[in-house]
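These protein sequence lines map, in sequence, to chains R and F.
Here numbering that gives the first Met the number 0 is used: the first residue of the first sequence is 0, the next is one more, and so on.
Here numbering that gives the first Met the number 0 is used: the first residue of the second sequence is 0, the next is one more, and so on.
Glycine included, each C-beta is placed from N, C-alpha and C at the ideal position.
If you're wondering where the values come from, they're calculated on a predicted model, not measured in any experiment.
What follows is a set of notes on a single structure, which appears directly below.
There are 2 protein chains.
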Amino acid sequence: MNKGSVLIVSGPSGSGKDTILKKVFEAMPEIKFSISSITRAMRPGEVEGEKYNFISREAFEEMLKRDMMLEHNEFVGNYYGTPRGPVDSVLENGGEIIIEVDVNGAANIRKKLSETVSIFIMPPSFEVLKNRLSGRGTDSAENVEKRMNEALCEIARADEYDYIVVNDELDKAVDDVITIIKNLRLKTERQKYLINEVLGKC
Amino acid sequence: MNKGSVLIVSGPSGSGKDTILKKVFEAMPEIKFSISSITRAMRPGEVEGEKYNFISREAFEEMLKRDMMLEHNEFVGNYYGTPRGPVDSVLENGGEIIIEVDVNGAANIRKKLSETVSIFIMPPSFEVLKNRLSGRGTDSAENVEKRMNEALCEIARADEYDYIVVNDELDKAVDDVITIIKNLRLKTERQKYLINEVLGKC
């Protein structure tokens with residue numbers, strides 16, 4: 000039985016997933032975040048080891064060969080992947096790790112790990128999603144439409160997830176994610192030692 | 000797929016289960032409580048329909064014959080049982096119902112219902128349990144010992160439950176039970192309609 004828990008969190012552009020996770024990590028700093036390995040060049044403002052590990056194409060391919068990635072994909076010539084090491088460490092040693100990944104990545108991780116808990120962050124309505132995606136004001140109508148379609152495709156697969164958290168009010172959505180994590184800690188499989196602790200002194 | 004959730008709550012004498020549940024119902028008055036059907040005489044202070052429905056032996060046996068009890072037992076000549084009707088109503092119409100029952104009753108209910116969520120309320124230690132059981136001061140040493148043994152037998156079966164809630168501090172234990180209930184409401188199986196609601200307007 001695994002000691003720790005792996006949480007997969009997905010949500011389309013416009014779901015507010017990043018803001019929610021930021022607040023969850025502030026409230027529960029003990030939770031680990033899965034840092035993606037990527038091969039594209041670092042962009043201004045990005046910091047090595049914060050959200051990404053910037054590694055070479057050769058290093059990435061070596062990790063693939065050794066089955067050290069839980070999921071990966073290639074996008075305009077660059078690799079993006081979730082390294083297995085930090086996840087295995089949590090499973091063995093306890094605690095929780097959150098992997099932020101898209102619906103395809105989530106499906107691939109579920110194939111490799113028998114026990115995951117997955118959360119889909121959902122906009123409250125079609126209209127709100129459209130407003131959020133067009134509200135940035137920097138995109139062409141065509142780009143908004145494209146992102147809208149991608150978002151709807153992801154939402155159509157929300158039923159692959161264990162939980163749906165609707166991001167209508169930010170604070171409520173943050174509380175909901177925290178509830179799911181606290182609930183995990185109450186599961187018998189993570190607390191079996193308690194039974195023997197109480198009985199052990201009979 | 001069931002719309003509502005059935006929560007089974009067990010815990011030995013001295014676990015503080017009754018106090019915890021009282022506070023959970025105060026905080027979440029929308030949650031239903033499964034009223035046991037019993038055939039013993041009403042005692043002073045008891046109110047029909049509060050914790051028990053006092054019914055005749057004939058009525059009870061008729062319910063058994065019609066498979067209208069989720070579990071039952073006989074104790075010094077009286078029947079005690081969990082009627083099926085209110086539970087089925089929650090499963091069909093939504094919401095939650097809490098069934099307070101011992102470990103044998105819980106095991107029997109799990110055989111009849113495919114989807115239950117069960118919580119075992121646990122004292123924090125052997126010593127605290129012993130203090131709580133002897134602390135009432137009204138019982139003989141022999142009675143305390145008997146209740147202690149019964150409690151330990153129940154604790155040894157805590158691993159049959161989905162969750163363990165340790166009652167060390169009352170408020171924390173109440174929060175834990177509330178977390179488990181709120182978590183249920185976030186499950187995809189209870190929120191699938193949301194997916195179509197957002198997609199429906201495409």
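- A Cβ-Cβ contact shorter than 8 angstroms links R:Val100 with R:Ile7.
- Excluding five sequence positions before and after F:Tyr79, the CB atoms of its chain that fall closer than 7 angstroms to its own CB belong to Ser35, Ile37, His71 and Asn72, given in chain order.
- At a beta-carbon threshold of 7 angstroms, the residues of chain F lying near R:Met121 are Leu193 and Val197, ordered along the chain.
- Note on geometry: alpha-carbon atoms of F:Ile120 and R:Ser12 lie some 41 angstroms from one another.
- The CB of R:Leu132 never comes closer than 9 angstroms to any CB in chain F; the least such distance is about 13 angstroms.
- Each residue's CA atom was taken as its position, placing R:Arg39 and F:Ala157 some 50 angstroms apart.
- When the Cα atoms are used, R:Ile19 and R:Val173 turn out to be separated by approximately 5 angstroms.
- The DSSP assignment places complete alpha helix (DSSP H) segments of no fewer than 4 residues inside the stretch 38-120 of chain R at 56-64, 84-92 and 102-111, in order along the chain.
- Residue pairing by DSSP puts R:Val8 in a beta bridge opposite R:Glu99 and R:Ile118.
- Counting C-beta atoms within 10 angstroms of its own C-beta, R:Glu91 has fewer than 16 neighbours from the protein chains shown and is therefore classed as exposed.
- The C-beta of R:Asn182 comes closer than 8 angstroms to at least one C-beta of chain F.
- The beta carbon of R:Tyr162 lies closer than 6 angstroms to those of Ile118 and Ile179 in the same chain, with the five residues before and after it left out.
- When secondary structure is reduced to three states using DSSP, R:Lys2 falls in the coil class, being assigned neither helix nor strand.
- Within chain R, Lys186 and Thr187 have C-beta atoms less than 8 angstroms from the C-beta of F:Asp161, given in sequence order.
- If you draw a 10 Å sphere on the C-beta of R:Glu60, you find fewer than 16 other C-beta atoms in it, and that means exposed.
- A Cβ-Cβ separation of about 6 angstroms places R:Ser9 in contact with R:Val102 under the 8 angstroms criterion.
- Residue pairing for F:Lys186: DSSP places it in a beta bridge opposite R:Tyr162.
- Under the three-state reduction of DSSP output, R:Ser133 falls in the helix class.
- DSSP lists R:Tyr51 as the bridge partner or partners of R:Ser35.
- Straight-line measurement puts the Cα of F:Val165 at about 50 angstroms from the Cα of R:Glu57.
- Between F:Leu183 and F:Glu114 a beta carbon distance of about 11 angstroms is seen, past the 8 angstroms cut, so the two are scored as non-contacting.
- In this structure, F:Pro123 lies away from F:Arg131, with their beta-carbon atoms at least 8 angstroms apart.
- By alpha-carbon distance to F:Leu198, the top candidate from R:Asn195, R:Ile154, R:Met41 and R:Lys111 is R:Ile154.
- Judged by DSSP in its simplified three-state form, R:Ile30 adopts coil rather than helix or strand.
- Contact of R:Ala140 with chain F by beta-carbon distance below 7 angstroms is absent, the smallest such distance being about 17 angstroms.
- At least 8 angstroms separates the CB of R:Phe59 from every CB of chain F.
- Around F:Arg146, the same chain offers Ser12 and Leu132 as residues with beta carbons nearer than 6 angstroms, after the five sequence neighbours per side are excluded.
- Take F:Gly84, set aside five residues on each side of it, and the residues of its chain with a beta-carbon closer than 8 angstroms to its own are Met67, in chain order.
- In the three-state reduction of the DSSP assignment, F:Arg156 falls in the coil class.
- For R:Glu196, the enclosing alpha helix (DSSP H) has its first and last residue at Lys191 to Leu198.
- Here R:Asp174 carries a helix assignment [DSSP, helix/strand/coil].
- When Cβ-Cβ separations below 8 angstroms define contact, R:Thr178 makes contact with chain F.
- When C-alpha distances from F:Lys16 are compared across F:Lys111, F:Leu128, F:Ser139 and F:Lys110, the shortest belongs to F:Leu128.
- For a cut-off of 8 angstroms, the C-beta gap from R:Ile177 to R:Val75 is around 36 angstroms, too long to register as a contact.
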